[in-house]
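Asks: Before anything else, here's the structure in question.
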Amino acid sequence: MFNRSEKVAEAIHELVSGLIVKGMKDPRIGFITITGVKVTDDIRQATIYYTVMGDDEARASTAQGLASATGFLRREIGKQLRLKFAPELHFKYDRSIEYGNRIDQLLKEIETEKGSDD
278 MFNRSEKVAE AIHELVSGLI VKGMKDPRIG FITITGVKVT DDIRQATIYY TVMGDDEARA
338 STAQGLASAT GFLRREIGKQ LRLKFAPELH FKYDRSIEYG NRIDQLLKEI ETEKGSDD
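Using my numbering, the letters of the sequence shown map in sequence onto residues 278 to 395.
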């Protein structure tokens, strides 16, 4: 059974994803994907995990854009989800995709080395 914070996290995930695609015009925010949202049990804090296509410069500019849009996003979350308190938002870059790609690359290298040994 879901608890309330998990339901709010799902709703925030959908809402923020939609707002970034449709409602934000900040050129610093690149091609971004929201990978997950974790909300504390008291729904006062929300950590939004994201990934960005591009290099370190694109990642840094996207982080700046998200930081400046935090107030707008928080206000929209409070308004659209009708929460008594809109959670404080924290954006965190999700490195799990990079980590997975690195593991995949290492496994392919091992497979190539096995193929050349045979």
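From the three backbone atoms N, C-alpha and C, an ideal C-beta is built for every residue, glycine too.
It should be emphasised that the depicted structure is a prediction, and the values quoted were computed from it without experimental measurement.
Quick check on the burial criterion: 16 or more other C-beta atoms within 10 angstroms. Buried or exposed for Val293?
Replies: Under this definition Val293 is a buried residue.
Asks: Going by beta carbon distance, what residues of the same chain come within less than 6 angstroms of Gly355, once the five residues before and after it are set aside?
Replies: Excluding residues within five positions, the ones whose Cβ falls inside 6 angstroms are Ala363.
Asks: Would you report the Cα separation of Gly377 and Lys361, rounded to the nearest angstrom?
Replies: The straight-line gap from Cα to Cα measures roughly 38 angstroms.
Asks: Enumerate in chain order the residues of its own chain whose CB-to-CB distance from Met278 is below 8 angstroms, with the five nearest sequence positions on each side excluded.
Replies: In this predicted model, Met278 has a pLDDT of only 42, less than 50, meaning its place in the structure is not dependable; the value taken from the coordinates is given anyway. Taken in chain order, the list of residues that qualify is empty.
Asks: Which whole-angstrom value describes the C-beta separation of Thr310 and Tyr327, a residue pair presumed to lie in contact below a C-beta threshold of 8 angstroms?
Replies: Going by Cβ atoms, the distance from Thr310 to Tyr327 rounds to 6 angstroms, so yes, they are a contact pair.
Asks: Compute the Euclidean distance between the alpha carbons of Arg281 and Glu375, then round it to the nearest angstrom.
Replies: Approximately 31 angstroms, taken between the alpha carbons.
Asks: Alpha carbon to alpha carbon, how far is Leu366 from Glu291?
Replies: If you take the alpha carbons of Leu366 and Glu291, they lie about 15 angstroms apart.
Asks: Grab me the residues of Gly331's own chain with a C-beta within less than 6 angstroms of its C-beta, minus the 5 sequence neighbours each way, in chain order.
Replies: Excluding residues within five positions, the ones whose Cβ falls inside 6 angstroms are Gly307.
Asks: From Asp381, Gly392 and Val285, pick the residue whose C-alpha is nearest to that of Gly319; which is it?
Replies: One detail in the question is off: residue 319 reads as Asp in this sequence, not Gly. The shortest C-alpha separation from Asp319 is found at Val285.
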